[in-house]
Each structure stands twice: as C-alpha cells, then as structure tokens.
Amino acid sequence: MFSPSMEEVLPENLILDVLSRLPVKTIIRFKCVYKKWRDLVSDPYFVRLHLSRSGEALLIHKPETSNWAGSLEWVEMKHEDDYHLHPVKSNNPCYGLLLFPGSVNGLICGYRPYSFVYILNPVLEEYMTLPILPFKNAIYSYGFGVSAAGEYKVILCNGSVSENKVYAIDHILVHTIGTKEWRVLGQTPNPPNLIKKGPGVFLNSHVYWLGDGQIYGFDLNRETFDLFPSPPGDNNAESKEMLGVLKGRLSRISWCSLGLDIWVMKETSWYKERTIRENISPILHSQPLCLIDGLKGTSILIVHDEATNELLAYCLNTSATLHLNYQAKSFKVMTYRPSFVKLHSFQRACSVYDKVRKQHYHFY
-8 MFSPSMEEVL
2 PENLILDVLS
12 RLPVKTIIRF
22 KCVYKKWRDL
32 VSDPYFVRLH
42 LSRSGEALLI
52 HKPETSNWAG
62 SLEWVEMKHE
72 DDYHLHPVKS
82 NNPCYGLLLF
92 PGSVNGLICG
102 YRPYSFVYIL
112 NPVLEEYMTL
122 PILPFKNAIY
132 SYGFGVSAAG
142 EYKVILCNGS
152 VSENKVYAID
162 HILVHTIGTK
172 EWRVLGQTPN
182 PPNLIKKGPG
192 VFLNSHVYWL
202 GDGQIYGFDL
212 NRETFDLFPS
222 PPGDNNAESK
232 EMLGVLKGRL
242 SRISWCSLGL
252 DIWVMKETSW
262 YKERTIRENI
272 SPILHSQPLC
282 LIDGLKGTSI
292 LIVHDEATNE
302 LLAYCLNTSA
312 TLHLNYQAKS
322 FKVMTYRPSF
332 VKLHSFQRAC
342 SVYDKVRKQH
352 YHFY
C-alpha cells in the first residue's frame, strides 16, 4: 500500500505558502529533488509571493583585473547578530570589470564600460545581454529600476568631467527591458546638468542621484527629472555624502572627521534620523557603503574599515558593531533581495535579445 504524496495531503496554496517562507538555498535544493516542486517554484504566483517575503541582503562584487573573472558574494542575515556569506561563483567572464547600476527585485544590472549591459539573476543562474549601445563613449552615471507599470528600465548618463570631479551630462540613454533598442532622451524639465559619478539609488519608481547641492530624481513613469532639496545645514566643505534607502524612504548619509549624520526624507521634508559624534571606533574612521533594513525593525549601516580592509555592520538602534568576516581592498556593495523572477519573459517579449544563458553559479 502506497503512502499518499504531499500534494495529495496538502492543498497547493499551502505548499506554496510554506515554500515561500524557506531560505533561498533550501528552495534551490528542493527544486532539484522533485519535479512538482520545481514547477511550483516557477509558478508566477509563487514568484510574487516569495518576493513579497524575501528579506533584504547584501551583494558584494570583487573585481579581478588579472583574469577578468571577478566574484560575487551574497550576505544573508539570519539573525540580528548573525550574518552568513554565500560565495556565488561563476564560470562566466561577464563578472569581470563591471559597474553595477543597481539591483531590483532580485535582478542585477551590470555594465561593462565601452561594451555591453547585462541583466542577471544569480538565484536562477541566468543572465542576458541587452541590445548594443548606440554610443561607445564613457558613461559616468547610471541607474536601474522598475516603473509603476512594471517596466524595468536601465538609465545611462554620458557626460564630461570638470576639474572638481563633477560630471556634466551630455545625453541620457534609456532602455526598457523587453524592447528592441536604446532611446536617447531629448530635453526634459530639470535637466541634470551636474550630477556625481556612479550609480543612482532606486526607490518608488524613481532613480536618485546627488549633484550640485541638490538631488535629482529620474521618474521612470514619465521619464523626466524632478528636483529635490538637500537636507539643511550642510556647509562643511570637508563632508562627503551618499544616498541610500532606509525603511522605504530616501536617505542621505554625510560624514567627515567630526562625525556622521543620517537624514531621512518624509514626504517633502528632511528629518535627521541619527547623528554619530561619539568615538565609535572604527565606525567614524570607516567608509560608509550603504544602508540596509535589519530584522525586528532595526537599521544597519554597512561600512568599510579602511585601516583593516574589513566589512562591518553597525546597528543604528543598538550601536552594536558586527564583523562580517569579509576582507578586501577593493569591492562594491549593493543591497539585494533574492528572487525567482525569470528572464525568459523578457526574451519572449523581444526577439532582439541574446538568448538567456545559464551562469553555472553555486550558492555555498
């Protein structure tokens, strides 16, 4: 007499609910065990359900200039004081000297200067190459996000550099994933004449950059720029600054030898969330990298201790510092939310794309 299978005992919606709450590594293993589970994990309902419950994590990119291989490491937080690093090893060279415009819903955008733009999903071991860029000159600022209508877009800003390392924008390229080509935007209100080099920050259908004492927000729905004021009272010429996202709100970190301030925008006004003036060694002697939402409503500041080359996590609520057991001189860090969003849906929408390729990733 045969025992009934799990799907004969439990309703499918209950199985999906349980699977969506499991760690990503466990779900990946289950996909390899049973064909029925593999089909369930590929179901669009499960993809949306898992994404709604997927916790925020970190993705570390370490370039390897000697062999163009590079590496990714995914930092998963299981407890407030317990972080786990999972190397994501790939045999594909597209990880080499890449710039990362950002990560949205588990999809990562990678840009190789003067060359190609890629979209990757490490969880599904997939990547694809976007259409060839119409210009081969340098791109100084870039972003990746999704509109309210669910359109994923890559923004590349080409420009020229001034003596004080502020970049004037000459033209802006936009590509909607699933279409055939890149578009060059014409004149828009509040053109970003001066924005800082590097990736923008995505939040609520906008990609934000700092520039010229203001904040430029690219509206992915209207494809125009909005202008926002910076927090008040920042007159220290020594201060450095960067944007981030904290508890679903745009935030700005400014720091100098005197301390560190974290501001949060609520509606159209700025509020100071945290000031660090006490000698919290080595936090005040480190390079801030990003903000991330912790467990139990906490907020985490990720920093690079330049004296030891260590990656540290500082809890803004408890002032506790955690060593992430990662050490390197050169790396990039971005927030990352693992997902099972498939790239094949974009390929079906546009035959111009190179086929979706498998990456041979391994999560350890």
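Using the numbering used here, read the sequence shown as starting at -8 and increasing by one per residue.
Every residue, glycine too, gets a C-beta built ideally from N, C-alpha and C.
For residue 176, the secondary structure class from DSSP, reduced to helix, strand or coil, is coil.
With respect to residue 132, residue 212 sits apart: the two C-beta atoms are not nearer than 9 Å. Boundaries of the alpha helix (DSSP H) around residue 16: 15 to 24. Ranked by how close their Cα comes to the Cα of residue 7, the residues 26, 95, 31 have 31 in first place.
Ranked by how close their Cα comes to the Cα of residue 330, the residues 27, 35, 193 have 35 in first place. Apart from sequence neighbours up to five positions away, the residues of its chain that approach residue 94 with a beta-carbon distance below 8 Å are 50, 100, 135, 325, 326, 327, 328, ordered along the chain. Excluding its 5 nearest sequence neighbours in each direction, residue 90 has C-beta neighbours in its own chain below 6 Å: 102, listed in chain order. Where residue 265 is concerned, the enclosing beta strand (DSSP E) starts and stops at 260 to 267. Beyond the five residues adjoining it in sequence on each side, residue 277 comes within less than 7 Å, by CB distance, of 294, 295, 296, 297, 303 in the same chain, given in chain order.
Counting along the chain, residue 8 sits inside the alpha helix (DSSP H) bounded by residues 3 to 11. Scanning the region 289 to 327 for uninterrupted beta strand (DSSP E) segments of 3 residues or longer gives 290 to 296, 301 to 306, 312 to 318, 323 to 327, listed from N- to C-terminal end. Look at residue 242 here: in three-state DSSP terms it is strand.
C-alpha of residue 144 to C-alpha of residue 335: approximately 16 Å in a straight line. DSSP, reduced to helix, strand and coil, places residue 133 within a strand of the structure shown. Taking C-alpha positions only, residue 189 is separated from residue 207 by approximately 13 Å.
If you draw a straight line from the Cα of residue 222 to the Cα of residue 176, it comes to about 29 Å.
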